[in-house]
Structures are given as C-alpha cells and as structure tokens.
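Peer 1:
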Amino acid sequence: MDGLHSALREHSYLADRGLTTALFLALRLSRPLFLEGEAGVGKTAVATALSAALGRRLLRLQCYEGLDIHQAVYEWNYTRQMLHIRLLEARGERPQEQDLFGPAYLLRRPLLEAIDNSDPLPPVLLIDEIDRSDAEFEAYLLEVLSDFQISIPEIGTIQALHPPVVIVTSNRTREVHDALKRRCLYHWIEYPTLEREYEILTLRLPGLPDRLARQVTAFVQGLRQLELYKVPGIAETLDWAEALVALDREELELELVEDTLGALLKVQEDLAALRGDRLRQLLTQVEAAG
Amino acid sequence: MPDGRLLRNILHFVRLLRDLGLQVDPHRARLFAQALAQVGVAERSDFYFAARSCLIYRQQDLADFDRAFEAFWRSRFRGGIPLTLPARPRRRAAESDPTPGRGPSAGIEPEPAQGVGPLAYSAAEALRQKDFAELTAEELEQVRRLMRKVAWRLGKHPGRRQRAGKGRLPDHRRTFRSSLRYGGEPLVWALRQPRPKFRPLVVLADVSGSMEPYSRVLLEFLYGLAHGLDQPPEIFVFSTRLTRITRALRSQGAEQALRGVFREVLDWSGGTRIGEALRQFNLHWARRVVSGGAVVAIISDGLDRGQTELLRSEVARLQRSCWRLMWLNPLLGSPDYEPLAQGMRAALPFVDDFLPANNLARLEELALQLQRAAARQAKAGRPAPRQAFRPPRRQVGVTSSRRRGYSL
Chain R
234 MDGLHSALRE HSYLADRGLT TALFLALRLS RPLFLEGEAG VGKTAVATAL SAALGRRLLR
294 LQCYEGLDIH QAVYEWNYTR QMLHIRLLEA RGERPQEQDL FGPAYLLRRP LLEAIDNSDP
354 LPPVLLIDEI DRSDAEFEAY LLEVLSDFQI SIPEIGTIQA LHPPVVIVTS NRTREVHDAL
414 KRRCLYHWIE YPTLEREYEI LTLRLPGLPD RLARQVTAFV QGLRQLELYK VPGIAETLDW
474 AEALVALDRE ELELELVEDT LGALLKVQED LAALRGDRLR QLLTQVEAAG
Chain V
142 MPDGRLLRNI LHFVRLLRDL GLQVDPHRAR LFAQALAQVG VAERSDFYFA ARSCLIYRQQ
202 DLADFDRAFE AFWRSRFRGG IPLTLPARPR RRAAESDPTP GRGPSAGIEP EPAQGVGPLA
262 YSAAEALRQK DFAELTAEEL EQVRRLMRKV AWRLGKHPGR RQRAGKGRLP DHRRTFRSSL
322 RYGGEPLVWA LRQPRPKFRP LVVLADVSGS MEPYSRVLLE FLYGLAHGLD QPPEIFVFST
382 RLTRITRALR SQGAEQALRG VFREVLDWSG GTRIGEALRQ FNLHWARRVV SGGAVVAIIS
442 DGLDRGQTEL LRSEVARLQR SCWRLMWLNP LLGSPDYEPL AQGMRAALPF VDDFLPANNL
502 ARLEELALQL QRAAARQAKA GRPAPRQAFR PPRRQVGVTS SRRRGYSL
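First to last, the sequence lines map onto chains R and V.
Counting from 234, one number per residue, gives the positions in the first sequence under my numbering.
Counting from 142, one number per residue, gives the positions in the second sequence under my numbering.
(1) Helix, strand or coil, according to DSSP, for Ala337/R in the structure here?
(2) In chain order, what residues of the same chain have a beta carbon less than 7 Å from the beta carbon of Val500/R, not counting five sequence neighbours either side?
(3) CA-CA distance, Ala418/V and Leu424/V?
(4) Here's a check: name, in chain order, each residue in its chain whose Cβ is nearer than 6 Å to the Cβ of Arg229/V, leaving out the five neighbours to either side.
(5) Using the Cβ count rule (16 or more neighbours within 10 Å means buried), how would you classify Glu279/V?
(6) Let me confirm a value: Val343/V is counted as buried when at least 16 other C-beta atoms fall within 10 Å, else exposed. Which label applies?
(7) Given 8 Å as the limit, is there contact between the segment 426-435 of chain R and the segment 382-401 of chain R, that is, 3 or more CB pairs closer than that?
(8) Taking the DSSP output, what are the residues bridged to Pro299/V?
(9) Near Gln345/V, what residues of its chain come up, given a Cβ to Cβ distance below 6 Å and the 5 sequence neighbours on each side ignored?
(10) What does DSSP give as the partner residue(s) for Asn310/R in the beta ladder?
(11) Report yes or no: is there a C-beta of chain V within less than 8 Å of the C-beta of Arg429/R?
(12) Do Arg156/V and Cys195/V come within 8 Å of each other at the CB atom, strictly closer than that value?
(13) In chain order, what residues of the same chain have a beta carbon less than 6 Å from the beta carbon of Leu451/V, not counting five sequence neighbours either side?
(14) Straight-line CA distance for Gly275/R to Arg250/R?
(15) Please confirm if His313/V has its CB atom under 8 Å from at least one CB of chain R.
(16) Interface residues of chain V around Asp380/R at Cβ under 9 Å?
(17) Measure the C-alpha to C-alpha separation of Leu287/V and Leu281/V and round it to an integer number of angstroms.
(18) Less than 8 Å between the C-beta atoms of Leu516/R and Glu491/R, yes or no?
(19) In the DSSP assignment, the beta strand (DSSP E) including Val398/R goes from what residue to what residue?
(20) Does Pro355/R pass the burial test, meaning 16 or more other C-beta atoms within 10 Å, or should it be called exposed?
(21) Specify, as a first and last residue, the run of the beta strand (DSSP E) that Asp347/V falls within.
(22) How many Å lie between Arg391/V and Arg400/V at the Cα?
(23) Between which residues of its own chain and Met467/V is the CB-CB distance below 6 Å, once the five residues before and five after are set aside?
(24) Using 10 angstroms around the beta-carbon of Asp367/R, count the other beta-carbons present and answer buried if the total reaches 16, otherwise exposed.
(25) Could you have a look at Arg465/V and say whether DSSP puts it in helix, strand or coil?
(26) Classify Ala438/V as helix, strand or coil using the three-state DSSP reduction.
(27) What residues from the segment 457-473 of chain V come within 8 Å of chain R, judged by C-beta to C-beta, listed N to C?
(28) Just reading off the beta strand (DSSP E) that Phe495/V is part of, what are its end residues?
(29) Kindly indicate the opening and closing residues of the alpha helix (DSSP H) around Val449/R.
(30) In or out: Gln448/R buried (at least 16 other Cβ within 10 Å) or exposed?
(31) Mapping DSSP to helix, strand and coil, what is Trp214/V?
(32) When DSSP labels each residue in this structure, what does Ala248/R get in the three-state scheme?
(33) Flag Arg405/R as yes if its beta-carbon sits less than 8 Å from any beta-carbon of chain V, otherwise no.
(34) Out of Arg415/R, Asp503/R, Gly440/R and Glu484/R, state which residue places its alpha-carbon closest to the alpha-carbon of Leu456/R.
(35) Put Trp426/V into one of helix, strand or coil per three-state DSSP.
(36) Should the segment 458-465 of chain V be called in touch with the segment 485-493 of chain V, which here means at least 3 C-beta pairs below 8 Å?
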C-alpha cells in the first residue's frame, strides 16, 4: 500500500490514507471504485495518476445525458461497410452478412476497449461524471461492471480475460442509483486539510514561493468556511496559484486578490458577497495565521 | 479468509451499522472480509478505511458509520461487544415522543373502519370546492380518497436520447440493416428523433405554524405525488429549517411513509423563515436536484418572518436555475386575499405561476396545468418563452376582476 502511495506521488498525486486504501483494495479485489466528492477535489486526476503509476493505458469515458451504447461501447463503421459492398458488387459478388459484421468494421469505444484489448496489463477505465448520464446508461453499466462482459448481437458475448481497473466518479449533481454503487467500493473525497493542500501545492507547482504557498492555502481554507454557492476545490487553488506565479508575485495583497479572485470563485453572487470588507477580513486572518 | 474470531467481529460491526439504520448487504460484508485479508487489522486507519469503502456507499451515511466505528473499535480491546450505542439524538427523540402535538396527526391515523361510500356527483363537487382548512375529519378522509385518483402527469421535454422515428437525424444503423435486404442499396433512409423525457419536479412545502390547517392534506398530496409520478419528485419541507423527505415519502404505504416524515422533520409548525430555507436549498441542493429542465413548486402562504431581502434574492436565484417556478398559495383561494405580506410581495416578481391550492378542484387543475404547460412546449420543439403561459392567472391574487377569470 505504501508502494502505491509513493508511486502516485511520483506522478504528482498526493493521496491520503483513505484514498490509498480504497485504490489498493480496488486493485486487489478487482472491484470498481466509486469516487464521490465536490467538484475539483481530484477525482479525475487520481485515475490519470494511477494509470501512469501502474504503467497502464487510461481509457476515459466522459458521461453526458443521452450517452448510449453506440458512443460508449461500439458502433459499426457504416461507411466502410457500404464501400465494401460496392467493391464486391463491382466484382460481381454478393455481400455476405458475416463478412460485414466482423472486427474490421467494428468501431471500438472505451467500454469495449477496456474489456477486449491486447494490452500486456489491463487498462484503467475512467467513467467520468456518471451523474451526468441517465438512468438507462447506469442500468447498462450494471452488467458491464459486475461481469466485465459485453454482448454484441452480431458477434456474441465478449468476456474480459483480465478485468480492467475501473474508476467511476460522480459530482453528485444527482443521486446515482444504489444498485450501481453497491457493486463498487465507495470512497468519499473530502476537501484536503491545510497541511495537505500546502503539500499538494508545493508538489504540483515547484516554482511557487513558499510564503505565497502558505498564504494561498490559508486563504482558500478560509474561503471554504464561508457559505458559498460554489466552494473552490483543489483544482481552483492550483489554477489560482499558477496565475499568481505567472504574475510573478511573492505575497498576497488586497488588490491582487481582487483582480485574480475569478480564478477561485466562479459564481457571480459569491464574488459579489466577498468583495470589500469580507475579503479584507479574510486576508487579515491569513496574515495572522502566516 | 479471516479466522472465526475476526469473522465474528465483522458480523458484529455490520450489525451495529444495521442498528443505526444503514443498509449493509451480505455481499458487502463478505467484500469487507476479503478486504481485511488484504490490508490486515493491525492499523486502525487501514481497518477504518477498508470498512468504509466496502460497507457504505452514500456520503450521508458517513457520520453514522463513524459513530458505529468508534463504538466498535473501543469495545474491541475489551474483548466485549458493545450492546448499546451512544444515543442518536434525532431518531431517538422522535421515536420516544409520539405525542399528537408533534405534527398533524390525522395523516397517520389508521383508516377508519367504516367504508366511505361513493359520493353523489353534487356532494363530490361541493367537497372539491371546499377549502382544506374547513374540512371535517370525515370529509378529509373522502378528500384523501379523491386525491389518490388525481392523475399526476408531469409534462415532457425533448430529451437527449434518440429513438427511431420521423425526426431529422439519420439512423445509420437501421438504414444499413434494411439496405442488406436490397443487396446493399440504401433505399429506405431511417431517421431518429429525440425521445421525450419527463421533467423533474421539485417541491418545497411550508409546514410552519400558519400552514397548519393545510398540512394534513398537504402531506397526503405530497405522498400522492411521490407515488403517482413516473419520475419521482424531490420533496422538501421547511419552517425554520429545510428537511429533505424524498426518501421517507418513498416508503410503501401512506401510513408508514408519513410516520417516517414525522420522524425526520423536527420543526413542525414552527416559525417561517422562507428566505433562509430557500438559501439552504440553493446552497446545498439546487445543484443536485434542479437539473434537466426541472419544475420547482413552492407551497406556502408567504407569511414570512425572516429577512425580506434574503427571500427576494434567493427566490430570484431559484427562478434562474429552474425551468419554471410555481408558487402554490392556499390563501389565494379566498376571495379577498391580496398578496400583501411582505415576503409574498418580494417573491412574486420571480414566480412564473402563482396558483391557488386550497381545495381539491384547484389541485386537479394544477395537475392539468403541469401537463399542459409542457405539452405545448413539446409541440414547439424548443423551450417556449416563459411568457407564453404566464396567462392572466399569474396575477390572479391581485385584483378581484382578474380573479373571476380563474374558475374552472
């Protein structure tokens, strides 16, 4: 388990003990891992880091409403099939159905690729933002995730020789059905603590001055205590810190924060609520803590 | 596999979780046993996280899980098994206090033994028009029966999924399949069209003191909605704070469901802070439940005792995030009601439909309205402007001449 932690760290991902345990178990028990948490706490990033750390291919399926089998699993290459028929006709032959529905005409989408591939190590399959897809797709995933098999009527059932590592993420924009979650290991990612966020920041942005890193973390942690419509995640912290580095600043000042706050807060009401006194107050706290 | 002692401990832990009302499938318990074989039991944090990722699968269960884990881990070293858990304030309080004062009790009384015969037309009609607040116990029972017959059909909007049909998008798959019949000649071009999808419904119901005369019927109404719609709605109640009762209402059987609701709602007939409740909703729930062109219905008399400014800004925000904001006001049914209450006046400019909800006839009309609004929209094929159905009834409570145009 410690090996996994340091492998992830080498790929700039700092996982806490809980996440490491969950990932470790997902690997050992060959179970999909269902990751939930607010936006920007590093759910997608962990899949990227994991595939890099394990030296496996990453297959990513971004979910959206209306996502169906043809975009997620497979589709026949109709143009090619048509051309093939024309070619046969020109030669005076009749097309045979089994020729047309063979592997050569199959367009393989992420789910099929994850089940049926010739990789030396099974790939990491990231099913991103499952909450954006609809109930129909969730129901379909049940079969894929419990048996790691896919049925294509024209070909038959394809079974994974070695099940892929599956990571499912959700932002909780809607409640994902329990049936799907029950088939997975579950981990809820919290916002990081002050020390942890500081560590992440220095790990990801080595060029960031130490004093600024401390101030940025303290400021963001303070922001999370306020009642905001959209609380900034680690992704936003990193964006902001990067912006500050690009501006070549060493220290947080009121004016600087006001100008760059858009990198942290993306809701107009939140920005409006924070301008002026509350911002000054927060900065004073940061000063006092630093 | 773990040895017998460990297995026994696992089972005890699972039982603790079940005692707290968490669902733990047997297969997840087995998964946990397998997980322990991987991470060992020496480290408390490893044990904790392994248990957490295997045994629960909902964020809202985390707190209960932590309490059970704490109790379990402490007892582990004493070799004993904890038989009692630290009291869980909310549920305990509700269970040990089934006094009638806790809520509108009529809703959970068992059905009366004597049957209620079919009503003559005129009697039924009178009952439909009678204000909920003035119903006798017997009439209430009849209304409850009638209410179950109201067909709740929420309108549809064109979804993102496609089905075979006469739309404009080509269906390569079917075209190609059928072309095989003609020696590979695509004679028939198959098409796809969007498959209509039900609009999600979110209900925010006021159960504060001033709404008390209506709350018995209101709960029946909410139960009917929760079970009558093809796509179950999200339901919240509020007086001083916001409580989500979607899951409680989904239980089978009106009696059990309503009992569950009473257990969860701690502020029946309390004061009214609509603005605060809406703020809680906007902050914590709107992003999750108001999506995909949702209809949001607020049921309240608008007698607000909180900050008017807060109410205004939160209603405005809510309206911007949903497809249509309805406000059902039971007071609107009375002939001389005018929305003078400050809260109501503040909210009104942001409400798309301002409707009365004081008797059965009005509710039936509401059912129709929900269906019609979206049917028109489906015909148009794109979101119709809000103005289109903001008909005379939006202003209905304001002057008596307009109100006359409102009858069925």
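By construction, the Cβ of each residue, glycine as well, lies at the ideal position given by its N, Cα and C atoms.
Peer 2: Let me lay it out:
(1) In the structure shown, Ala337/R sits in a helix (DSSP, three-state: H, G or I).
(2) The beta carbon of Val500/R sits closer than 7 Å to those of Tyr462 and Lys463, all from its chain and outside the five residues before and after it, given in chain order.
(3) Cα-Cα distance, rounded: 10 Å.
(4) Low local confidence applies: a pLDDT of 46 at Arg229/V is under 50, so the model's placement there is unreliable, with the coordinate-based value given in what follows. Apart from sequence neighbours up to five positions away, no residue of its chain approaches Arg229/V with a beta-carbon distance below 6 Å.
(5) Exposed, by the Cβ-count rule.
(6) Counting Cβ neighbours within 10 Å, Val343/V comes out buried, since at least 16 surround it.
(7) The segment 426-435 of chain R makes no contact with the segment 382-401 of chain R; the number of CB pairs closer than 8 Å stays below 3.
(8) Answer is Pro337/V, bridged to Pro299/V.
(9) The residue asked about is misnamed: residue 345/V is Leu in this sequence, not Gln. The residues are Phe377 and Ile439.
(10) Beta-bridge pairing links Asn310/R to no other residue.
(11) No, Arg429/R does not count as interfacial toward chain V.
(12) Not closer than 8 Å, so no.
(13) Closer than 6 Å at Cβ, skipping near neighbours: Gly416.
(14) Those two C-alpha atoms are separated by around 15 Å.
(15) Yes, His313/V counts as interfacial toward chain R.
(16) In chain order: nothing, as chain V lies at least about 14 Å away.
(17) Taking C-alpha positions only, Leu287/V is separated from Leu281/V by approximately 10 Å.
(18) The criterion of a C-beta distance shorter than 8 Å is not satisfied by Leu516/R and Glu491/R.
(19) Unbroken beta strand (DSSP E) run through Val398/R: Val398 to Ser403.
(20) Per the 10 Å Cβ criterion, buried.
(21) It spans Leu342 to Asp347 - the beta strand (DSSP E) in which Asp347/V sits, taken as one unbroken run.
(22) Taking the Cα positions, Arg391/V is about 12 Å away from Arg400/V.
(23) These residues qualify, in order along the chain: Ala438 and Asp494.
(24) That one is buried.
(25) Three-state DSSP puts Arg465/V in a strand.
(26) Three-state DSSP puts Ala438/V in a strand.
(27) Under the 8 Å Cβ criterion, the segment 457-473 of chain V contributes Arg458.
(28) Asp494 to Pro497 is the extent of the beta strand (DSSP E) around Phe495/V.
(29) It spans Asp443 to Gln458 - the alpha helix (DSSP H) in which Val449/R sits, taken as one unbroken run.
(30) Classification for Gln448/R: buried.
(31) Three-state result, Trp214/V: helix.
(32) Ala248/R: coil per DSSP, three-state reduction.
(33) Closer than 8 Å to the CB of Arg405/R there is at least one CB belonging to chain V.
(34) Asp503/R is the residue among Arg415/R, Asp503/R, Gly440/R and Glu484/R whose C-alpha sits nearest the C-alpha of Leu456/R.
(35) Note: Trp426/V maps to coil in three-state DSSP.
(36) In the pairwise beta carbon analysis, the segment 458-465 of chain V is classified as touching the segment 485-493 of chain V: at least three pairs are separated by under 8 Å.
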